[in-house]
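Here it is as structure tokens:
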């Protein structure tokens, strides 16, 4: 019952996100660039980040147009990072979301530029033209840009990818592994929650609690990713399974064992749910269900 | 006399930009990422874009801290684009500013990530933490992010690079060549002027005139680039000369001839100077000198 209410909510939100992304990513960008961008971001993926933005915005009664834009912006950042991450000089992956990766489809140069343009587009999406006197709307735009930029750069995703790259064949202890994942995937998941929260009313206590919620599910997401990499087949994942072990990358499974990793995911899930409760935000339903989904997902 | 006053002003501004970039680009970013970023942006280049930001800000009496941040942000975008542009899948260049290019020095993966992180850093730099009630400061941050994002993405730099990539060995007419350059280099130069102008008082008429000034010098810059590519040696340019002809790329020189290209540069210079005058902004000195420098430069 609750489950199917969540599914209905998620379907509605995802339809909004898909429609808006379809509008925002230009088909007519020059020299095949728009085509490569659309291929890389439309019609695929779990859209966890946009759902977090919209669930958080709704939790604080802030579900406006800029929340939908923020949902699209985080997905653009995520999608660009996948394009660059898949390239031969990085993970050299040929399959993503069950399709050939962007550089396989459009060549390396266009894939790199499509990723670059998508990062810029994320910030365009966050800064639509508004009445120049509407300082409140502009201030919110600036806050969203600040959160997204910090989650994407050296303190966040790009920094985490650099550590990931350097960690192949290395022994990382749990502290180092956690630092890598907090940056690589955790920062953007956490920022998704906070960008949603910024779109509504949120006092300092609720902000901190939602930040803790975001950090916990961000890490849980990665632990589950490591588990699925060894337990699921490529066709279920829509990407090449078993790559971490093949590349001798440190993972939560290699560090804690499969049972240990599952226990860790459960502990992070409990932490997320309790932080959410502590936030005392008005409407916690969808954030709570999203925490469940992160841990229970099978792909 | 005027010339040496300009040189003194430019030296002072460049010292401010270098010092701030040195603070802003983290040395301690993980896994060598900070080192690659610093190598790519510190201590090199003409810094034309930062000077345009600061000259425009001063022209409208808006030379504050956010103008200096904007100057650093545009340079970060420019520097990241050079790193990606030099990579083997793009121009495959090994020499830049007289030094080995970033991917030669640090490997392709780290070069790509350094560029990605520098684009994010540009938006971090534009959105420093301020008092949450200072809506005016936050609104300016949003305007600067909007200008920079649009100049960097498909309508601007990334779109222009995609056209450039697709144009190798093609015949472009002048209209198509101009469209490519307006995006590839013009958009960011124009945005530099407008980001500076946004930092001060600037009515709609002055804004439009400064926009025209920026467009004219943006195009002039590229025409001169094409001229220098055939008239200067690599050691003067600090990059590989004659590459455009070697790669059979369309240029203003191939389209208009050397004399025709020089006449075009002069016409654009005159247009920039007259737009500047029409702007009627209080202090036009340095913008006027920068227009001269763009056309008279020898590297």
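Chains as they are written, first to last, in this note's numbering: chain A, 1 to 299; chain B, 1001 to 1299. For glycine and all other residues, C-beta sits at the position ideal for the given N, C-alpha and C.
(1) What does DSSP give as the partner residues of residue 1301/B in its beta bridges?
(2) List, in order along the chain, the chain B residues whose C-beta lies closer than 8 Å to that of residue 33/A?
(3) Considering only the alpha carbon of each residue, which of 1115/B, 1199/B and 1207/B lies closest to residue 1034/B?
(4) From which residue to which residue does the alpha helix (DSSP H) around residue 1166/B run?
(5) Hey, does residue 1170/B have any beta-carbon neighbour from chain A nearer than 8 Å?
(6) Between the C-alpha atoms of residue 1230/B and residue 1263/B, what's the straight-line distance to the nearest angstrom?
(7) For residue 195/A versus residue 70/A, is the C-beta spacing smaller than 8 Å?
(8) Could you please give the first and the last residue of the uninterrupted alpha helix (DSSP H) stretch that includes residue 87/A?
(9) Using a Cβ-Cβ cut-off of 6 Å (strictly less than) and excluding sequence neighbours within five positions of residue 152/A, which residues of its own chain qualify?
(10) Contact criterion: CB-CB distance below 8 Å. Does residue 146/A meet it with respect to chain B?
(11) If contact is defined by three or more beta carbon pairs under 8 Å, each pair taking one atom from either stretch, is the region 1116-1126 of chain B in contact with the region 139-158 of chain A?
(12) Chain B partners of residue 26/A, CB-CB under 7 Å?
(13) Starting from residue 1205/B, follow the alpha helix (DSSP H) in both directions and report where the run begins and ends.
(14) Within 10 angstroms of its Cβ, does residue 23/A collect 16 or more other Cβ (buried), or is it exposed?
(15) List the residues of chain A that residue 1202/B touches, going by C-beta distances under 8 Å, in chain order.
(16) Can you tell me whether residue 1292/B is helix, strand or coil according to DSSP?
(17) How about residue 89/A and residue 1112/B: are their beta carbons less than 8 Å apart?
(18) Once the 5 residues before and after residue 167/A are set aside, which same chain residues still bring their CB inside 7 Å of it?
(19) Would DSSP call residue 193/A helix, strand or coil?
(20) Locate the alpha helix (DSSP H) running through residue 1277/B, then write down its first and last residues.
(21) For chain A, find out if any of its Cβ atoms is closer than 8 Å to the Cβ of residue 1178/B; answer yes or no.
(22) Assuming residue 1138/B contacts residue 215/A under a Cβ cut-off of 8 Å, what Cβ separation, rounded to an integer in Å, is found between them?
(23) Anyone know if the C-beta pair for residue 1165/B and residue 1252/B falls short of 8 Å?
(24) Report all residues from its chain with a CB closer than 6 Å to the CB of residue 209/A; omit the five preceding and five following residues, and keep chain order.
(25) Using 8 Å as the limit for Cβ to Cβ distance, is residue 86/A near chain B?
(26) Under a Cβ-count criterion, where at least 16 other Cβ atoms within 10 Å of its own Cβ denotes burial, should residue 218/A be classed as buried or exposed?
(27) Does the CB of residue 1070/B have a neighbour CB from chain A at under 8 Å?
(28) If you reduce the DSSP assignment to three classes, tell me which class residue 1298/B lands in.
(29) Output yes if chain B places a C-beta closer than 8 Å to the C-beta of residue 221/A; else output no.
(30) Kindly indicate the opening and closing residues of the alpha helix (DSSP H) around residue 1124/B.
(31) Taking Cβ to Cβ, would you say residue 68/A is nearer than 8 Å to residue 10/A?
(32) Give me the subset of the region 1106-1118 of chain B whose CB atoms are less than 9 Å from a CB atom of chain A, sorted by chain position.
(33) Does any CB atom of chain A fall closer than 8 Å to the CB of residue 1149/B?
(34) Rounded to whole angstroms, what is the Cα-Cα separation between residue 1049/B and residue 1281/B?
(35) Thinking C-alpha only, which one of 199/A, 60/A, 228/A and 14/A is nearest residue 294/A?
In brief:
(1) Residue 1301/B falls outside the range modelled here, since chain B spans only 1001 to 1299, and no answer is possible.
(2) 1154, 1158, 1159 and 1162
(3) 1115/B
(4) 1157-1167
(5) no
(6) 16 Å
(7) yes
(8) Where residue 87/A is concerned, there is no enclosing alpha helix (DSSP H), given that its DSSP letter is neither H nor E.
(9) 77
(10) yes
(11) yes
(12) 1154
(13) 1204-1231
(14) exposed
(15) In chain order: nothing, as chain A lies at least about 12 Å away.
(16) helix
(17) yes
(18) 180, 249 and 250
(19) helix
(20) 1252-1279
(21) no
(22) Not confirmed; about 25 Å, so no contact.
(23) no
(24) 275, 278 and 279
(25) no
(26) buried
(27) no
(28) coil
(29) no
(30) 1108-1126
(31) no
(32) 1107, 1108, 1109, 1110, 1111, 1112, 1113, 1114, 1115, 1116, 1117 and 1118
(33) yes
(34) 19 Å
(35) 228/A
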